[in-house]
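Q:
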Amino acid sequence: RGSFLRREVATPAGPKHSVSPEGRGRQESPAMGSCKSVNARVSPVIDFEPVDKCRSLEHKIVGTMPPTAWLEAMDDSKKTGRPVVEVLRAAFADYRQRWDTCPEAYRRYPTSRVCDQAASLLAEFFDAEDLEFFDLPEDMDEGDLLAMLAEHQQDYVEADALEGMSAYVFDDAKMRASFPRQVYTRFKEALATGALTSEEDQQKIAECIFEWARELGAVSFAHWFFPSRGGGGGHGSMVGALKMDTMIDLDWKSPEATKPFKATLPYERLFVGETDGSSFPNGGLRSTHCAAAFTTWDRSSPCFVMDKILRVPCAFVTHLGASIDDKIPLLRSNDALKREGLRMLRNIAIATDATEINSFLGWEQEFFVVKADLYKKRPDLVHCGRTLIGKLPQRHQQGELNYFAPPPTSVKLLMENVQAEMLKLGVAMAVLHNEVASAQHEMSPVYCHSTFACDNNVLFME
Numbered sequence: 003r004g005s006f007l008r009r010e011v012a013t014p015a016g017p018k019h020s021v022s023p024e025g026r027g028r029q030e031s032p033a034m035g036s037c038k039s040v041n042a043r044v045s046p047v048i049d050f051e052p053v054d055k056c057r058s059l060e061h062k063i064v065g066t067m068p069p070t071a072w073l074e075a076m077d078d079s080k081k082t083g084r085p086v087v088e089v090l091r092a093a094f095a096d097y098r099q100r101w102d103t104c105p106e107a108y109r110r111y112p113t114s115r116v117c118d119q120a121a122s123l124l125a126e127f128f129d130a131e132d133l134e135f136f137d138l139p140e141d142m143d144e145g146d147l148l149a150m151l152a153e154h155q156q157d158y159v160e161a162d163a164l165e166g167m168s169a170y171v172f173d174d175a176k177m178r179a180s181f182p183r184q185v186y187t188r189f190k191e192a193l194a195t196g197a198l199t200s201e202e203d204q205q206k207i208a209e210c211i212f213e214w215a216r217e218l219g220a221v222s223f224a225h226w227f228f229p230s231r232g233g234g235g236g237h238g239s240m241v242g243a244l245k246m247d248t249m250i251d252l253d254w255k256s257p258e259a260t261k262p263f264k265a266t267l268p269y270e271r272l273f274v275g276e277t278d279g280s281s282f283p284n285g286g287l288r289s290t291h292c293a294a295a296f297t298t299w300d301r302s303s304p305c306f307v308m309d310k311i312l313r314v315p316c317a318f319v320t321h322l323g324a325s326i327d328d329k330i331p332l333l334r335s336n337d338a339l340k341r342e343g344l345r346m347l348r349n350i351a352i353a354t355d356a357t358e359i360n361s362f363l364g365w366e367q368e369f370f371v372v373k374a375d376l377y378k379k380r381p382d383l384v385h386c387g388r389t390l391i392g393k394l395p396q397r398h399q400q401g402e403l404n405y406f407a408p409p410p411t412s413v414k415l416l417m418e419n420v421q422a423e424m425l426k427l428g429v430a431m432a433v434l435h436n437e438v439a440s441a442q443h444e445m446s447p448v449y450c451h452s453t454f455a456c457d458n459n460v461l462f463m464e
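Everything in the sequence shown is counted per this note's numbering, starting at 3 for the first residue and increasing by one.
(1) Tell me the DSSP secondary structure of M167 in three-state form.
(2) What are the complete alpha helix (DSSP H) segments, minimum 4 residues, inside the segment 187 to 220?
(3) Leaving out the 5 sequence neighbours to the left and right, which residues in its chain are closer than 6 Å to D253 when beta-carbon positions are compared?
(4) Excluding sequence positions up to five away, which residues of its chain have a Cβ less than 8 Å from the Cβ of K378?
(5) Pairs of beta-carbons, one from the segment 242 to 252 and one from the segment 299 to 307, closer than 8 Å: are there three or more?
(6) Below 8 Å between beta carbons: does that hold for D466 and S230?
(7) In chain order, what residues of the same chain have a beta carbon less than 8 Å from the beta carbon of A432, not counting five sequence neighbours either side?
(8) Whose C-alpha, out of H435, N360 and S239, is nearest the C-alpha of L344?
(9) Start and end of the beta strand (DSSP E) containing G2?
(10) Inspect the beta-carbon positions of L218 and V307 and report whether they are closer than 8 Å.
(11) To the nearest angstrom, how far is the alpha carbon of F282 from that of S440?
(12) Are the CB atoms of Q184 and Y269 nearer to each other than 8 Å?
(13) Could you check what DSSP says for P229 in three-state terms: helix, strand or coil?
(14) Give me, in chain order, the residues of the same chain whose beta-carbon lies closer than 7 Å to that of F172; leave out the 5 immediate sequence neighbours on both sides.
(15) Is G196 buried or exposed, if buried means 16 or more other CB atoms sit within 10 Å of its CB?
(16) How far does the alpha helix (DSSP H) with L425 in it reach, from first residue to last?
(17) Kindly indicate the opening and closing residues of the alpha helix (DSSP H) around K2.
(18) Between F212 and the ligand MN, is there a pair consisting of the residue's CB and a ligand heavy atom that are separated by less than 7 Å?
(19) What residue range is occupied by the uninterrupted beta strand (DSSP E) comprising R301?
(20) Check each candidate in H291, G279, M240 and E366 and name the one with the smallest Cα separation from L434.
(21) Residues in its own chain within less than 8 Å of M463 by CB, not counting five upstream and five downstream?
(22) Is E402 near V371, with beta carbons less than 8 Å apart?
(23) Indicate the three-state DSSP secondary structure (helix, strand or coil) for I330 in the structure shown.
(24) Among A351, F318 and C386, whose alpha-carbon lies nearest the alpha-carbon of H465?
(25) I want to see whether chain B comes within less than 8 Å of I311, judged by CB atoms only; does it?
(26) Under three-state DSSP, which class holds A432?
(27) Measuring straight from C-alpha to C-alpha, what distance separates T290 and V274?
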């Protein structure tokens with residue numbers, strides 16, 4: 003497919019020159035056109051610099067544009083009849099506006115490369131008056147574009163997913179490094195015994211977490227809880243719940259009536275929060291005095307930063323202390339297992355000095371990958387997250403031909419991107435493969451503590 007874009011600029015009279023990436027030019031026939039110009043062409047195989055080292059702001063912006071943006075541009079062009087370049091210009095302008103508004107939002111992948119060659123060339127030649135795709139067939143469909151992107155997928159897939167493992171989770175190693183030694187010791191003891199964390203320790207813990215989260219670009223925090231929604235067939239992103247609060251608070255020491263505010267993570271709001279419970283099943287009446295519900299940090303599951311939000315895994319209770327979530331039954335089960343397990347060990351005279359019993363969980367997710375346009379035509383998938391109508395395909399599980407076969411390139415790219423994100427968030431995603439049925443796939447991590455594992459399972463579905 004050679005070059006994708008070119009620009010022509012007026013120059014003094016003379017033959018046209020084709021400029022290669024290395025700067026070497028070659029003369030071309032004047033018959034190519036009467037306009038005297040420089041024709042800048044770029045080889046299809048270029049090793050671009052990482053986004054944080056790109057030569058221009060445009061490179062950085064385009065480096066954040068996902069490959070799906072190009073698919074959407076192709077689709078929009080087919081539907082509206084607008085030229086592809088015009089659609090891409092509009093998409094680029096939109097990303098440019100977003101970057102100017104909040105650049106930190108588009109630096110989540112500081113080591114990723116420019117998403118694909120076409121994007122890089124668009125950035126390189128965006129200021130040209132004559133911008134055109136001249137080596138892409140007009141009838142190029144989505145499948146062709148996917149194949150083209152797959153050929154250069156190293157340009158927009160994380161260069162090395164293992165380099166950024168656990169960078170966005172406040173795990174025990176970061177806790178030990180940032181907390182004062184005595185605060186860390188007391189926090190771990192309270193986690194084992196269930197004791198409350200003192201107000202002084204809460205202040206220091208909030209300060210350390212705030213500094214760590216801000217280094218990762220977080221501007222908000224949210225208590226992330228798991229309400230009992232009463233079924234209804236919601237899909238994975240509906241399992242968890244959160245309300246974002248900006249990391250600010252009033253300066254209460256100021257004598258002014260209208261007090262200024264400052265960037266901070268209020269310690270009392272890190273450990274306990276208040277929200278509405280009346281709209282959830284069994285959450286109480288909607289009258290004001292009994293509509294409130296409360297969230298409290300589940301200290302056995304670490305905080306993490308995602309999409310500029312510090313998420314704090316929480317339990318969720320009504321104003322009367324009743325459980326209306328899926329987290330509290332798990333925590334109570336773990337307490338019962340610890341209590342009765344230690345009692346059993348003492349009775350059988352084995353490990354009588356044990357002080358802790360932990361439960362571990364290894365989950366896996368099997369899922370189907372469906373094209374977005376086909377998905378939107380299926381009300382059962384959209385509203386229920388599962389198949390309610392239809393029939394079996396001609397070939398489904400008779401020969402198990404799909405099982406452990408190499409996944410399609412586009413699906414492999416999808417799973418690798420998800421895997422890279424989960425690794426950053428401290429989830430040890432270890433397995434991905436084709437499942438038995440057509441278009442069915444699986445991803446699963448190494449087992450870990452049950453509370454953290456359940457949170458990770460919800461995070462994966464989201």
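Here a beta-carbon is modelled for each residue, glycine too, at the ideal position from N, C-alpha and C.
Since the structure is predicted, the reported quantities are computational estimates derived from the model, not experimental observations.
A: Straight from the coordinates:
(1) coil
(2) 201 to 217
(3) K261, P262 and K264
(4) V384
(5) no
(6) Nothing about residue 466 can be read from this structure; the chain reaches only from 3 to 464.
(7) S446, P447 and V448
(8) N360
(9) Here the chain covers residues 3 to 464 and nothing more, so residue 2 does not appear.
(10) yes
(11) 37 Å
(12) no
(13) strand
(14) I211, W214, P304, C305 and F306
(15) exposed
(16) T411 to K426
(17) With the chain running from 3 to 464 in the structure shown, residue 2 is simply not present.
(18) This structure lacks the ligand MN, and indeed carries no ligand of any kind.
(19) It is not in any beta strand (DSSP E) - R301 carries neither H nor E in the DSSP assignment.
(20) E366
(21) H237, G238, S239, V241 and Q367
(22) no
(23) helix
(24) Coverage of the chain is limited to positions 3 through 464, which leaves residue 465 absent and any answer about it impossible.
(25) Absence of chain B from the displayed structure is noted, only one protein chain being present.
(26) strand
(27) 20 Å
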